[in-house]
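These notes concern the structure reproduced below.
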Amino acid sequence: MTKNLINALDLERSVDVETSTSSMDERAQTKPSANVDPDLHLVTLAQEGSTEAFDELVMKYSQKLYGLVYNMTSNKDDTHDLLQDIFAKAYRSVSKFRGNSMFYTWIYSIATNMTLNFLKKRKRRATSSLDDVDKGIQNDAAFVDMSHRSNPRRQININELQKKLNNAMMLLSDDHRAVVTMFDIQGMPHAEIGRVLGVSEGTVRSRLFYAHQQLRGYLAEFQGSERHS
Amino acid sequence: MTDKEVQDLISLKKYEQPEEGYFDEFLVEFQQRQRSEILKTSARGLFVERVKAWFAEFGAMRWLVGAGAAYAAVSLCVNVLSEGGVDALAVVDDEVTSVVVRDVPVEAAVGSDIEPVGMVFVEPVDFSASAPVFYTDEKIF
Numbered sequence: 001m002t003k004n005l006i007n008a009l010d011l012e013r014s015v016d017v018e019t020s021t022s023s024m025d026e027r028a029q030t031k032p033s034a035n036v037d038p039d040l041h042l043v044t045l046a047q048e049g050s051t052e053a054f055d056e057l058v059m060k061y062s063q064k065l066y067g068l069v070y071n072m073t074s075n076k077d078d079t080h081d082l083l084q085d086i087f088a089k090a091y092r093s094v095s096k097f098r099g100n101s102m103f104y105t106w107i108y109s110i111a112t113n114m115t116l117n118f119l120k121k122r123k124r125r126a127t128s129s130l131d132d133v134d135k136g137i138q139n140d141a142a143f144v145d146m147s148h149r150s151n152p153r154r155q156i157n158i159n160e161l162q163k164k165l166n167n168a169m170m171l172l173s174d175d176h177r178a179v180v181t182m183f184d185i186q187g188m189p190h191a192e193i194g195r196v197l198g199v200s201e202g203t204v205r206s207r208l209f210y211a212h213q214q215l216r217g218y219l220a221e222f223q224g225s226e227r228h229s
Numbered sequence: 230m231t232d233k234e235v236q237d238l239i240s241l242k243k244y245e246q247p248e249e250g251y252f253d254e255f256l257v258e259f260q261q262r263q264r265s266e267i268l269k270t271s272a273r274g275l276f277v278e279r280v281k282a283w284f285a286e287f288g289a290m291r292w293l294v295g296a297g298a299a300y301a302a303v304s305l306c307v308n309v310l311s312e313g314g315v316d317a318l319a320v321v322d323d324e325v326t327s328v329v330v331r332d333v334p335v336e337a338a339v340g341s342d343i344e345p346v347g348m349v350f351v352e353p354v355d356f357s358a359s360a361p362v363f364y365t366d367e368k369i370f
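First to last, the protein sequences are chains A and B. For the first sequence, the numbering used here gives the first residue as 1, with consecutive numbering after it. For the second sequence, the numbering used here gives the first residue as 230, with consecutive numbering after it.
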């Protein structure tokens, strides 16, 4: 399980890029940064029709995008289906990718937009059930260690904590959850999140502030109940 | 509870990952899906996709190219239609397959050498037949 930990995103990558544009998939199309896109070669091959190159991109980003989509939907089946759709859309659109942004930003934009659209539809249906907890994580040494460090007063019930974290996330609006997922869980910098969502860095900070306020209220209550139990 | 503590708690969610081997299976499923999508795509769909891709390569010139293509298509249609009338009878193996009748006033045809189209293929009608007549595709006129 520990082998599956999400790799921290490279925070130094492409920070000094200007924010841009409008349309859904092309909102990530920003002015080129000083850094060279590490995926440029694979993307070029994929644009020339190499399915192997695109497969490599799928392997490279599936884990990161899984984390993004799962933490926004809280449902494994939905995450799986959405992830398939996201890569299928990226494959169909890769010829339109002009390299004005990092491929990473581009595919994150596709994933975020598709997930937000999916969540809107799911709300309308209102029949989906969220996963309670990820059973495997309770045996994850890193998670146990981290959760103990987060609450040094006493060993907390991991199952309950996980449930509470999921509930806390689901209390947030979709937009706020997206920002929290990218910043707090995936470690992306504000500027990068802004580019992915097509909003300013200030908007990202503001959303984070309100999201943290909400989470603080919800999780503080949880800490209180922990003390009483 | 500080902002940092909130962040630390929420960041625990990064450990929620699927079971071992999930991403390998995911890729296999993606490849299968890709292939089946390609097979499902109709020839027409592929043609449209290729035309779009070709068209997109022109960049800013694409409107000019599009206008030219539209003009050529319209011109072709007009040319084909203007060659209507008796001269444009399409004859295949001595059978008339289509007739385009030019709108000519009756007076104009009087005294000319051109026989009215309606009279060319006139055949006498036999009303005496008692059995029903079944027409075949062989001969309509």
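All C-beta atoms, glycine included, are put in the ideal place defined by N, C-alpha and C.
For this session: Grab the span of the alpha helix (DSSP H) containing residue 185 (chain A) for me, first residue to last.
Result: Unbroken run through residue 185 (chain A): none, as it is neither H nor E.
Problem set entry | residue 103 (chain A) and residue 39 (chain A) closer than 8 Å at C-beta | yes
Exercise. Residue 304 (chain B) versus chain A: which residues are under 9 Å apart at the beta carbon?
Worked result: Residues of chain A passing the Cβ test: none, with the nearest at roughly 32 Å.
For this session: Please list the residues of the region 35-63 of chain A that have a C-beta atom closer than 8 Å to any C-beta atom in chain B, keeping them in chain order.
Result: 51, 55, 58, 59, 62 and 63
Exercise. Given 8 Å as the limit, is there contact between the region 161-179 of chain A and the region 209-222 of chain A, that is, 3 or more CB pairs closer than that?
Worked result: yes
For this session: Output, in chain order, the set of chain B residues within a Cβ distance shorter than 9 Å of residue 216 (chain A).
Result: 230, 231, 232, 234 and 235
Exercise. Can a CB atom of chain B be found closer than 8 Å to the CB of residue 104 (chain A)?
Worked result: no
For this session: Kindly give me the distance between the Cβ atoms of residue 79 (chain A) and residue 91 (chain A), rounded to whole angstroms, as I take these residues to be in contact under 8 Å.
Result: So it is not a contact: roughly 18 Å between Cβ atoms.
Problem set entry | residue 213 (chain A) classed as buried or exposed, judged by whether at least 16 other C-beta atoms fall within 10 angstroms | exposed
Problem set entry | Minimum Cβ-Cβ distance from residue 284 (chain B) to chain A less than 8 Å | no
Exercise. What are the residues of the region 248-262 of chain B that lie near chain A, defined by any Cβ-Cβ distance shorter than 9 Å?
Worked result: 248, 249, 251, 252, 253, 255, 256, 258, 259, 260 and 262
Exercise. With burial defined as no fewer than 16 other Cβ atoms inside 10 Å of the residue's Cβ, what is the status of residue 231 (chain B): buried or exposed?
Worked result: exposed
Problem set entry | Beta carbon of residue 58 (chain A) nearer than 8 Å to that of residue 259 (chain B) | yes
For this session: Assign residue 292 (chain B) to one of two classes, buried (16 or more other C-beta atoms within 10 Å of its C-beta) or exposed (fewer than that).
Result: exposed
Problem set entry | Under the three-state DSSP convention, the category residue 249 (chain B) falls into | coil
For this session: Specify the secondary structure class of residue 234 (chain A) as computed by DSSP and reduced to three states.
Result: Within the shown structure, residues of chain A are numbered from 1 to 229, placing residue 234 (chain A) beyond reach of any answer.
Problem set entry | Proximity below 8 Å, CB of residue 255 (chain B) to CB of residue 172 (chain A) | no
Exercise. If you measure from the beta carbon of residue 86 (chain A) to each beta carbon in chain B, is any gap under 8 Å?
Worked result: no
For this session: Could you check the C-alpha separation between residue 88 (chain A) and residue 42 (chain A) for me, to the nearest Å?
Result: 16 Å
Exercise. Hey, out of A:86, A:123 and A:95, whose CA is closest to residue 286 (chain B)'s CA?
Worked result: A:95
For this session: Could you confirm whether any beta carbon from chain A is found closer than 8 Å to the beta carbon of residue 242 (chain B)?
Result: yes
For this session: Measuring only between beta-carbons, confirm whether residue 372 (chain B) sits less than 8 Å from chain A.
Result: Outside the shown range of chain B, which is 230 to 370, sits residue 372 (chain B), and nothing can be said about it.
Exercise. Would you call residue 215 (chain A) buried or exposed, if buried means 16 or more other Cβ atoms sit within 10 Å of its Cβ?
Worked result: buried
For this session: For residue 16 (chain A), name the three-state secondary structure that DSSP assigns.
Result: Below a pLDDT of 50, predicted positions are generally treated as unreliable, and residue 16 (chain A), at 29, falls in that range; the measurement from the model is reported next regardless. Reduced to three states, the DSSP call for residue 16 (chain A) is coil.
Exercise. DSSP three-state call for residue 115 (chain A): helix, strand or coil?
Worked result: helix
Exercise. Would DSSP call residue 230 (chain A) helix, strand or coil?
Worked result: With chain A covering only 1 through 229, there is no way to say anything about residue 230 (chain A).
Problem set entry | C-alpha gap between residue 246 (chain B) and residue 257 (chain B), whole angstroms | 19 Å
Exercise. With burial defined as no fewer than 16 other Cβ atoms inside 10 Å of the residue's Cβ, what is the status of residue 197 (chain A): buried or exposed?
Worked result: buried
Exercise. What whole-angstrom Cβ distance do residue 72 (chain A) and residue 178 (chain A) have, given they're in contact under 8 Å?
Worked result: 6 Å
For this session: Please go through the same chain and pick out, in chain order, the residues whose beta-carbon is closer than 8 Å to the beta-carbon of residue 120 (chain A), but skip the five residues on each side of it.
Result: 174
Exercise. Any Cβ of chain B within less than 8 Å of the Cβ of residue 193 (chain A)?
Worked result: no
Problem set entry | Contact set for residue 125 (chain A): own chain, Cβ-Cβ below 7 Å, skip 5 residues either direction | none
Exercise. Is there at least one Cβ from chain A nearer than 8 Å to residue 275 (chain B)'s Cβ?
Worked result: no
Exercise. Does DSSP put residue 49 (chain A) in a helix, in a strand, or in coil?
Worked result: coil
Exercise. Between which two residues does the alpha helix (DSSP H) harbouring residue 275 (chain B) extend?
Worked result: 272-285
For this session: Could you tell me if residue 253 (chain B) is buried or exposed, where buried requires 16 or more neighbouring beta carbons within 10 angstroms of its beta carbon?
Result: exposed
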